[in-house]
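*Asks:* Here it is, the structure, as structure tokens.
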Amino acid sequence: MRVNRISRAGNRAAVGLSVAALAVGVTSAAGPAAAQPKAAPAAAADCSAAYRIEQKLSTGTTWRMCWRYDTNAGLVLEKISYQPKGEAQPIRVLTSAKLAQIHVPYDDGSVEYDDLTGFGFAQGLMNLAPAECPGGTIKTVKVPDAWDPENPNVKGLCTTTRSRGHAYRMQADTGNQVYQAQGKDLLVYTVNQVGWYEYMTEWRFQDDGTINMNVGATGSLSPGDYDAGDGRGWPIGKGAKAYATSHNHNVFWRLNFGLDGSTKNKVEQYDSVVSAPAQGGEAPRTKTTRTKVTKELAGDAKNMRWWRVVSNTGKNKDDHARSYEIVPGATSRYPGRSYTKHDIYFTEYKKCEQFASHNPRNCGTGAGKSVDKWVNEQTLTQPIVWMNVGFHHVARDEDQQPMPVHWQGFSIAPRDVTAMNPLTPPALADQNGQPDNGR
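Residue numbers for the sequence shown follow the working numbering, so the first one is 750 and each next one is one higher.
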């Protein structure tokens, strides 16, 4: 029997009650109760110690930020700064960063969800066991509008460090010297339960200045969605009797850049075109052009296309403007809704525009409730970046039980933030720019 909208929503409400039950017995005071890292300079993260994250990685890079917990978005990170070795002061990167929606439409057209603003994503924050935060600290979060108002505190925010493998490797020109380093990351993450799914929201801050934003879906396939009658989905279990209904996870992020402490940033788009070899040439030629994005834009990812957000105020030691390049991840663009038809949106900052779809804020008559409606040729002076990464989930036998994590996300990478690789070893610190052949 097909599970209709009411019964499926009922399942999600029931899960809300179970999460509230999990919160019973947590008696910590509001805000994080765990031991905190050392205080950060006010210019880097001017929040109270309870809501400050500061981590100096073993490779010399320090990340600083503030955190808070929103009634719809869940974890919000603010005043994010990056300070690699050799930089006297922290470099502000983002004013704020958060999830902006998880839109889940089902292939049979029976139902779709907006998990952040419609189904209690934030209220589904899960308690984490120490084994889920290896080597790190689990902070206690006071969940606003908690399902169990008498027990709003959840041990649900993990901060830890993790190795990621080679940061670089280089064989020296002479001798047997090999320059190599193993990269280190700061991880900040939560787990939120919505219905049968559990979403792992991970923010990974690398020692080279890169920030990775990922959402991993795990938990269980909804048992109410096994329906062989509608012809959609994939057979799960023995034979071909139970079909799990396929669906999409369209995840949006909202980034408010604040490069060098200023929200007045510029946006640029780069496109490269490959043409045939010139007469007598040996290889095809590639030409890259820059387009200044001066007005709001609904952008589409394309082969050899990329965007960067550029500081208006800061330059590195080589006198180049600091910027961050947006690096899209693998995606399955969902064409069913107007707000999911594009991969990235650049909009001018407006306080009420907080969620990519079903935005609960009042932005005025005719403003619309989704990000696509906010792109209306306004000049960009304080750009907000909205990233849309889709995943079409066609279930498989291996998805039970429990379901392996499937990840979707993107990155922002420093471009000219520092004059050299921030992890450069001292022996190579003088090799900046064209080599001096006379040495």
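Even for Gly, the Cβ is constructed at its ideal location relative to N, Cα and C.
Going along the chain, which residues of its own chain have a beta-carbon closer than 7 Å to the beta-carbon of aspartate 1146, five neighbours each way excluded?
*Replies:* Excluding residues within five positions, the ones whose Cβ falls inside 7 Å are Ile985.
*Asks:* Leaving out five residues on either side along the sequence, give the residues of the same chain with a beta carbon under 6 Å from the beta carbon of threonine 811.
*Replies:* Answer for threonine 811: Lys805, Gln832, listed in chain order.
*Asks:* Span of the beta strand (DSSP E) holding glycine 1139?
*Replies:* Element bounds for glycine 1139: 1132-1142.
*Asks:* Since leucine 1129 is in the alpha helix (DSSP H), which residue starts that stretch and which ends it?
*Replies:* Here leucine 1129 belongs to no alpha helix (DSSP H), and DSSP marks it neither H nor E.
*Asks:* Can you check DSSP and say which residues form a bridge with glycine 692?
*Replies:* The structure shown does not extend to residue 692, since the chain is modelled only from 750 through 1188, so no value can be given for it.
*Asks:* Residues in the same chain with beta-carbon distance under 6 Å from glutamate 951, minus the five sequence neighbours each way, listed in chain order, please.
*Replies:* Excluding residues within five positions, the ones whose Cβ falls inside 6 Å are Tyr938, Asn963.
*Asks:* Rounded to whole angstroms, how far is the Cβ of valine 1124 from the Cβ of phenylalanine 1006, which I believe are closer than 8 Å?
*Replies:* 18 Å between Cβ atoms; not a contact.
*Asks:* For the beta strand (DSSP E) that threonine 1040 lies in, which residues bound it at each end?
*Replies:* Looking at the DSSP string, the run of the beta strand (DSSP E) that includes threonine 1040 is 1034-1042.
*Asks:* Between the Cα of methionine 919 and those of Thr844, Tyr928, Arg913, spot the shortest distance and give me the residue it belongs to.
*Replies:* The candidate whose alpha carbon is nearest that of methionine 919 is Tyr928.
*Asks:* Here's a check: name, in chain order, each residue in its chain whose Cβ is nearer than 8 Å to the Cβ of valine 1059, leaving out the five neighbours to either side.
*Replies:* Closer than 8 Å at Cβ, skipping near neighbours: Leu1008, Asn1014, Lys1015, Val1016, Glu1017, Ala1070, Arg1071, Ser1072.
*Asks:* With DSSP collapsed to three states, give me the class of lysine 1122.
*Replies:* Residue state, collapsed to three classes: helix.
*Asks:* Classify proline 879 as helix, strand or coil using the three-state DSSP reduction.
*Replies:* Helix at proline 879.
*Asks:* Does tyrosine 862 come within less than 7 Å of chain B when only Cβ atoms are used?
*Replies:* In the displayed structure, chain B is absent; only one protein chain is listed.
*Asks:* Between tyrosine 1098 and glutamine 1131, what straight-line distance do the alpha-carbon atoms span, to the nearest angstrom?
*Replies:* Using only the alpha carbons, I get a separation of about 6 Å.
*Asks:* Quick one: grab the DSSP three-state call for aspartate 934.
*Replies:* Strand.
*Asks:* Would you kindly work out how many angstroms separate the C-alpha atoms of histidine 1155 and valine 903, rounded to a whole number?
*Replies:* Taking the straight line from one Cα to the other gives about 25 Å.
*Asks:* Spatial neighbours of isoleucine 1093 within its chain, please: CB distance less than 6 Å, with the 5 preceding and 5 following residues excluded, ordered by chain position.
*Replies:* Within the same chain, isoleucine 1093 has close Cβ partners Gly1048, Met1136.
*Asks:* Alpha carbon to alpha carbon, how far is alanine 1105 from glutamate 827? Give it in angstroms, no decimals.
*Replies:* Answer to the nearest angstrom: the Cα atoms are 19 Å apart.
*Asks:* Report the rounded CA-to-CA distance for alanine 1176 versus lysine 1036, giving the unit in angstroms.
*Replies:* About 35 Å.
*Asks:* Smallest Cα separation from proline 854: which of Gly958, Gly809, Phe1140, Thr1062?
*Replies:* Answer by Cα proximity: Phe1140.
*Asks:* Using a Cβ-Cβ cutoff of less than 6 Å, which residues in the same chain neighbour histidine 852 once the five nearest sequence positions on both sides are dropped?
*Replies:* Excluding positions up to five away in sequence, the list reads Asp863, Asn999, Ser1106.
*Asks:* Reducing DSSP to helix, strand and coil, say where proline 1171 ends up.
*Replies:* Coil, per DSSP.
*Asks:* So which of Lys987, Gly1117, Ala880, Ala991 has the shortest CA-CA distance to glycine 973?
*Replies:* It is Ala991 whose Cα lies nearest to the Cα of glycine 973.
*Asks:* Would a C-beta distance cut-off of 7 Å place aspartate 956 and lysine 933 closer than the cut-off?
*Replies:* In this structure, lysine 933 lies closer than 7 Å to aspartate 956 by Cβ.
*Asks:* So, helix, strand or coil for glutamine 804, using DSSP?
*Replies:* Strand.
*Asks:* As a quick exercise: from Tyr975, Ser859, Asn961, pick the residue whose alpha carbon is nearest that of glutamine 1149.
*Replies:* Out of Tyr975, Ser859, Asn961, Tyr975 has the C-alpha closest to the C-alpha of glutamine 1149.
*Asks:* Could you work out which residue in Ser1021, Ser912, Asp1067, Gln1103 is closest to tryptophan 1002 when comparing CA atoms only?
*Replies:* Measuring from the Cα of tryptophan 1002, the nearest candidate turns out to be Gln1103.
*Asks:* How long is the line joining the alpha carbons of phenylalanine 1159 and threonine 1089, rounded to whole angstroms?
*Replies:* Going from the Cα of phenylalanine 1159 to the Cα of threonine 1089 covers about 16 Å.
*Asks:* According to the Cβ coordinates, are methionine 949 and valine 943 closer than 7 Å?
*Replies:* No, the pair does not count as a contact, with Cβ atoms beyond the cut-off.
*Asks:* When the Cα atoms are used, what is the spatial distance from proline 1033 to valine 1022?
*Replies:* When rounded, the distance between both Cα atoms is 10 Å.
*Asks:* Any contact between the segment 900-917 and the segment 876-890? By contact I mean 3 or more CB pairs, one from each, below 8 Å.
*Replies:* Yes, the segment 900-917 is in contact with the segment 876-890.
*Asks:* Using the C-alpha atoms, what's the distance from threonine 844 back to proline 1077?
*Replies:* Roughly 20 Å between the two C-alpha positions.
*Asks:* Can you give me the Cβ contacts of lysine 847 inside the same chain, cut-off strictly under 6 Å, excluding the 5 residues immediately before and after it?
*Replies:* Ala822, Val825, Arg1003.
*Asks:* Going by C-alpha to C-alpha distance, which of Pro893, Pro901, Phe954 sits closest to serine 912?
*Replies:* The shortest C-alpha separation from serine 912 is found at Phe954.
*Asks:* Any heavy atom of the ligand SAH inside 6 Å of the beta-carbon of valine 1138?
*Replies:* By its list of ligands, the structure shown contains no ligand whatsoever, and the ligand SAH lies outside what it can speak to.
*Asks:* Cα-Cα, which of His1091, Trp1055, Lys1118, Ile1161 is closest to threonine 866?
*Replies:* Checked all of His1091, Trp1055, Lys1118, Ile1161; the closest Cα to threonine 866 is Lys1118.
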